[in-house]
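Per our numbering, the very first residue in the sequence shown carries number 85; after that it's consecutive.
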Amino acid sequence: MILWLTRIVPSPHSREAQRDLSGSDQGLRLHQRTLQMFPDGVEGPARAAFGVLFRAEDGPRGPHVLLQSQVEPDSSRLPDAYGKVETRSLDTLLSGLEKGMLVNYRCVANPVRKPGTVAREAYGLPPVVSLSGNAAVEWWERQSAAGGLEPLQINAHPLPAVRGRPASKGTAARPRVQHARTQFDGVARVLDAELLREKIATGVGRGKAHGCGLLSIAPAR
85 MILWLTRIVP SPHSREAQRD LSGSDQGLRL HQRTLQMFPD GVEGPARAAF
135 GVLFRAEDGP RGPHVLLQSQ VEPDSSRLPD AYGKVETRSL DTLLSGLEKG
185 MLVNYRCVAN PVRKPGTVAR EAYGLPPVVS LSGNAAVEWW ERQSAAGGLE
235 PLQINAHPLP AVRGRPASKG TAARPRVQHA RTQFDGVARV LDAELLREKI
285 ATGVGRGKAH GCGLLSIAPA R
């Protein structure tokens, strides 16, 4: 399986691009926008069909969007003058992973836990509880281990939550979306290269449709 990584640098002169990157519903807008770059008419959810994961970032040169997919996206399907788009294959990076090598990583994720029925009834907890602080770091450690990584350094800081209501095609309103987010950065050791490749392809945790779960790595220098 080949994975593609696309960097989208939105134009400051594009109203569509600036609207997509603004507000707490940014993840919902970018979900719709990124899927425009793939063929129509697939069975089931298009995000899963094309293996789409994305993350919006503010870099030294301004905001950009990283888009990972199992199918090469078609940038011509974006609005005119939306921004600069560059796509490359991740095949060399992924095929070069080996047990014991050190990598730098980044992932914006939605760390949560699901309390059991007894705990929910006793403490009035919701079905899904967002995690922060040490609890979020421990969650990341478990997710990393399940994905073939041993974190040696973890920098975690919270980001604004994704909130909003998805566009509805019918008359009934769709449930409101809310994903608390934490960005995890650091250095890790590869424990299982195959597991890591699978985790990179499938993503980490919940909220993948709205900008969470994309795990990016690079060999540590």
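Virtual Cβ for every residue (Gly too), placed ideally from N, Cα, C.
Since the model is a prediction, treat every value here as computed from it, not as a measurement.
Bounds of the beta strand (DSSP E) holding residue 92 are 88-94.
Residue 145 and residue 210 have their C-alpha atoms spaced approximately 40 Å apart.
Note that the C-beta distance between residue 174 and residue 89 is below 8 Å. Using a Cβ-Cβ distance cut-off of 8 Å, the segment 109-124 and the segment 134-149 are in contact, since at least three pairs of beta carbons, one from each stretch, lie closer than that value.
For the options 97, 304, 176, 156, the alpha carbon positioned closest to that of residue 270 is the one of 304.
Taken in chain order, the complete beta strand (DSSP E) segments of 3 or more residues contained in the segment 97-158 are 137-143, 146-153. About 14 Å separates the beta carbons of residue 261 and residue 244, which is beyond the 8 Å limit, so they are not a contact pair. The way I'd put it, the segment 174-185 doesn't touch the segment 90-108; fewer than three beta-carbon pairs between them come closer than 8 Å.
Judged by DSSP in its simplified three-state form, residue 262 adopts strand. Residue environment analysis places residue 294 among the buried positions, since at least 16 neighbouring C-beta atoms fall within 10 angstroms of its C-beta. With contacts defined by Cβ atoms closer than 8 Å, residue 266 and residue 240 form a contacting pair.
A direct Cα-to-Cα measurement between residue 226 and residue 242 gives close to 18 Å. By the neighbour-count criterion, in which 16 or more other beta carbons inside 10 Å mark a residue as buried, residue 128 falls on the exposed side.
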